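Undergrad: Sharing a structure below in structure tokens format, with a few things to ask.
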Amino acid sequence: MILSIVIVNWNGKELTKNCIRSILETCPDEIKDLNFEIIVIDNGSYDGSAEHLNIFSDSIRLIKNNSNMGYASACNRGMREAKGKYVLLLGNDTIVMDQALQKCLKFLDEKQDCGAVGCRLLNPDGSVQNNCKKFPTLLNGFYTYLSLDRLNHDYDMSRFRYDKTIEVEQISTSFLMVRKDLLEKIGYFDKSYKILYNDVDLCKRIWVSGKKIYFLHTAEVIHYGSQSTKKAGFRERKIMYSDIYRYYRNNFGLRAVMLLPILTLRLALTLTFKN
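Pasting the structure below:
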């Protein structure tokens, strides 16, 4: 098997249905001949997702979790079950465009130093999303969570026009195709990051292993973005901010304690304005 596509769903039955349909409709015949699989992990949804996705029972493997295990743990379950040479982590809020899978597979086949590849993410109106970043410094964390993004140009790669293929430090796991043998070597997502920063941590471990990550500008998917997190209540948002702090604490030690008051205030303000 050449490719395993892993999709996590949480109360997003329509988005997930459209994502799966886009794969089946645009997947090149060459890939179909090589055999691929779609693994959908339903993360304890209560919107009838599991029943709704039964229309694809002949095309997908549906794994049902009894509760919301978090994105990282759910993805890990899918990646461990994957049989493909390559594993595609795909957001359920994406629409796969024609030839995107084929182009990324070809790139990985030809670029042996490449451990993982991502592609251009497009908004529904066709504009390009910024999905590439450098690894954050502690100062970048302060700028980000004080809403001083104008000072984060280098970290955000805001001057990159997404018009050429380049090496990147980290890229969104809304679409990230990774070598399965590399995942087995470095481990999957660190499940202590339940919602956020698991992707940053994974990208860092890919680089530490000696493999590179590339952004491939010729492959595209539509990405609606943050649909699950928009539905998040207090419990989920508290987990998100715990993930943020965990990343900075793991990478910058006790100095990260200085971020705690900012993250606590931001969480409080987010919940206040949400309500």
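So in my numbering, spot 1 of the sequence shown is number 1, and the numbers just go up one at a time. Idealized CB from N, CA, C, for every residue including glycine. Nothing here was measured: the structure is a model prediction, and the numbers come from that model.
Tell me which same chain residues have a C-beta within less than 6 Å of the C-beta of residue 209, skipping the five on either side of it?
TA: Same-chain partners within the cutoff: 186.
Undergrad: Taking residue 200 as part of the alpha helix (DSSP H), name the residues at either end of that continuous run.
TA: 198 to 208
Undergrad: Assign residue 188 to one of two classes, buried (16 or more other C-beta atoms within 10 Å of its C-beta) or exposed (fewer than that).
TA: Buried is the call here.
Undergrad: Alpha carbon to alpha carbon, how far is residue 61 from residue 68?
TA: Each residue's Cα considered, the two are about 18 Å apart.
Undergrad: Grab the span of the alpha helix (DSSP H) containing residue 185 for me, first residue to last.
TA: For residue 185, the enclosing alpha helix (DSSP H) covers residues 180 to 186.
Undergrad: What residues are listed by DSSP as bridge partners for residue 61?
TA: 39
Undergrad: For the putative contact between residue 38 and residue 5, defined by C-beta atoms under 8 Å, what is the C-beta separation to the nearest angstrom?
TA: 5 Å
Undergrad: Please work out which residues of its chain come closer than 7 Å, Cβ to Cβ, to residue 250, disregarding the five sequence neighbours upstream and downstream, and give them in chain order.
TA: none
Undergrad: Would a C-beta distance cut-off of 8 Å place residue 169 and residue 133 closer than the cut-off?
TA: yes
Undergrad: Once you ignore the five residues that flank residue 244 on each side, which residues in its own chain have a CB closer than 7 Å to its CB?
TA: 196, 197, 263
Undergrad: From the DSSP output, read off the bridge partner residues of residue 212.
TA: 114
Undergrad: Give the list of continuous beta strand (DSSP E) stretches no shorter than 3 residues that lie fully inside the segment 107 to 183.
TA: Correct list: 114 to 122, 166 to 168, 175 to 179.
Undergrad: With distances taken between CB atoms, is the gap from residue 145 to residue 259 smaller than 8 Å?
TA: yes
Undergrad: Here's a check: name, in chain order, each residue in its chain whose Cβ is nearer than 6 Å to the Cβ of residue 96, leaving out the five neighbours to either side.
TA: 22, 23, 26, 221
Undergrad: For a test of the three-state rule: what should DSSP assign to residue 4, helix, strand or coil?
TA: strand
Undergrad: Assign residue 154 to buried or exposed, taking buried as 16 or more other Cβ atoms, counted over all protein chains shown, within 10 Å of its Cβ.
TA: exposed
Undergrad: Mind the definition here: the segment 157 to 164 touches the segment 233 to 240 only if three or more C-beta pairs lie below 8 Å; say whether that holds.
TA: no
Undergrad: According to DSSP, residue 222 sits in a beta bridge with which residue or residues?
TA: 95, 122
Undergrad: Compute the Euclidean distance between the alpha carbons of residue 74 and residue 89, then round it to the nearest angstrom.
TA: 11 Å
Undergrad: Which residues in the same chain as residue 53 place their Cβ atom closer than 8 Å to its Cβ, once the five residues preceding and following it in sequence are excluded?
TA: 9, 13, 16, 17, 20, 40, 42, 60, 62
Undergrad: So which of 269, 1, 223, 248 has the shortest CA-CA distance to residue 127?
TA: Its Cα nearest to that of residue 127, the residue 223 stands out among 269, 1, 223, 248.
Undergrad: Beta-carbon within less than 6 Å of residue 176's beta-carbon, same chain only, minus the 5 sequence neighbours each way: which residues are those?
TA: 89, 116, 118
Undergrad: From residue 160 to residue 213, what does the alpha carbon distance come to, in whole angstroms?
TA: 16 Å
Undergrad: Could you pull out every residue in the same chain whose Cβ sits closer than 8 Å to the Cβ of residue 246, ignoring the five residues on either side in sequence?
TA: 192, 193, 197
Undergrad: How big is the Cα-Cα spacing for residue 129 and residue 123?
TA: 6 Å
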